[in-house]
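Q: Each residue of the sequence shown is one higher than the one before, counting from 24 in this note's numbering.
Virtual Cβ for every residue (Gly too), placed ideally from N, Cα, C.
What follows is a structure written as structure tokens; I'll ask about it next.
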Amino acid sequence: MKIEIHKLVPEFADDFFDFFDNRAFTDNSPEGPCYCTRFQMTKEQEKKEFDQVEAYGGGSSGFMRVLRKIAEQQIESGALRGYLAFVDGISIGWCNTNDKANFPVESGNGARFYAPVEKREKVVACFEIAPEFRGKGVATALLQRVVDDAAVEGYMAVEGFPRKRGERYEWDFTGPIQLYEKIGFQKVTEQDRCIVMRKRLQ
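Structure follows, in structure tokens:
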């Protein structure tokens with residue numbers, strides 16, 4: 024299986040939505056439906072946006088329309104960054120990764136990735152892999168691409184925040200600890216329910 028990785032830019036927006044609409048949550052994942060927008064928003068921004076749900080028809084359809092609009096805006100502005108994985112031209116995986124300086128101090132979902140200095144550290148916030156492609160190296164390929172590009176771009180380190188778990192969890196959107204260890208990340212500390220894993224690049 025040949026995996027191709029592409030950085031999310033507006034030209035790949037259709038592939039991003041094709042993945043999330045048609046493959047990401049076909050196993051009824053508790054993380055869906057989602058367009059990976061909350062990491063880039065403050066709680067105040069999130070509330071302001073979702074106050075428009077009724078104007079978009081209300082209910083779950085109105086909610087999804089608003090969510091998609093947010094994702095479209097984030098992709099266009101560059102607020103939402105990451106990589107899409109493709110097999111045979113079809114998007115089958117996603118990784119949300121960004122400069123710490125581009126996150127809010129506290130994200131809409133409570134994540135605290137922010138650091139004020141640009142081009143210093145990147146965060147790997149989320150993975151989503153189509154169910155039939157899990158366990159086939161897609162997340163590994165995505166994470167390796169994040170690390171490779173971050174090194175070329177002059178970052179000092181990449182950090183991930185896998186959850187502390189005693190056994191495999193099918194819907195582990197932060198990625199398992201073993202994934203990070205495979206790429207050479209090392210445990211730095213623990214915070215809340217997460218293990219802080221870091222890969223030094225220089």
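1. Would you mind stating whether Glu182 and Glu144 have Cβ atoms separated by less than 7 Å?
2. When we look at the beta-carbon of Val161 and count the other beta-carbons within 10 Å, is it buried (16 or more) or exposed?
3. I need the boundaries of the alpha helix (DSSP H) containing Arg233, first residue and last residue.
4. Is Asn45 buried or exposed, if buried means 16 or more other CB atoms sit within 10 Å of its CB?
5. When the cut-off is 7 Å and only beta carbons count, does Val181 lie next to chain B?
6. For Glu151, write down the residues that DSSP places opposite it in a beta bridge.
7. As a quick exercise: from Phe126, Val175, Gly101, pick the residue whose alpha carbon is nearest that of Val146.
8. Give the straight-line distance between the Cα atoms of Gln209 and Phe39, rounded to the nearest whole angstrom.
9. Counting Cβ pairs closer than 8 Å, one from the segment 51 to 66 and one from the segment 155 to 173, do we hit at least three?
10. State the CB to CB distance for the pair Val175 and Ile206, rounded to an integer number of angstroms; the pair is presumed to be in contact (CB under 8 Å).
11. Compute the Euclidean distance between the alpha carbons of Phe62 and Pro185, then round it to the nearest angstrom.
12. Would you say Ile93 and Gly116 are within 7 Å of each other, going by their C-beta atoms?
13. Using three-state DSSP, classify Gln225 as helix, strand or coil.
14. So, with DSSP's three-state summary, where would you put Val161?
15. Here's the rule: buried if 16 or more other CB atoms are within 10 angstroms of the residue's CB, otherwise exposed. What is Gly198?
16. Across the segment 104 to 116 and the segment 126 to 136, are there enough close Cβ pairs to call them in contact, namely three or more that are closer than 8 Å?
A: Well, looking at it:
1. Indexing the sequence shown from 1 puts residue 182 at position 159. Indexing the sequence shown from 1 puts residue 144 at position 121. The answer is yes: Cβ separation under 7 Å.
2. Within the sequence shown, the letter at position 138 stands for residue 161. With 16 or more other Cβ atoms within 10 Å, it is buried.
3. The displayed coordinates of the chain run from 24 to 225. Any statement about residue 233 would go beyond what the structure contains.
4. Position 22 of the sequence shown, counted from the first residue, corresponds to residue 45. Asn45 should be labelled exposed.
5. No chain B is part of this structure, which consists of one protein chain only.
6. Taking the first residue of the sequence shown as position 1, residue 151 is located at position 128. The partner list for Glu151 (beta bridge, DSSP) reads Trp117.
7. Here residue 146 refers to the residue found at position 123 when the sequence shown is read from its first residue. The residue with the shortest Cα to Cα distance from Val146 is Phe126.
8. For the purposes of this step, residue 209 is taken as the residue at position 186 of the sequence shown. For the purposes of this step, residue 39 is taken as the residue at position 16 of the sequence shown. Each residue's alpha carbon lies about 30 Å from the other.
9. At 8 Å Cβ cutoff, the stretches do not touch.
10. Here residue 175 refers to the residue found at position 152 of the sequence shown. Here residue 206 refers to the residue found at position 183 of the sequence shown. Contact doesn't hold; Cβ gap of about 16 Å is too wide.
11. Against the sequence shown, residue 62 aligns to sequence position 39. Against the sequence shown, residue 185 aligns to sequence position 162. If you take the alpha carbons of Phe62 and Pro185, they lie about 15 Å apart.
12. Locating residue 93 in the sequence shown gives position 70, where the first residue counts as 1. Locating residue 116 in the sequence shown gives position 93, where the first residue counts as 1. Contact: no.
13. Here residue 225 is taken as the residue at index 202 of the sequence shown, counted from 1. If DSSP states are grouped into helix, strand and coil, Gln225 belongs with coil.
14. For this step, residue 161 is matched to residue 138 along the sequence shown. The answer is helix: DSSP assigns Val161 an H, G or I state.
15. As a working note, residue 198 is residue 175 in the sequence shown. Under the 10 Å beta carbon count, Gly198 is surrounded by 16 or more other beta carbons and is classified as buried.
16. no
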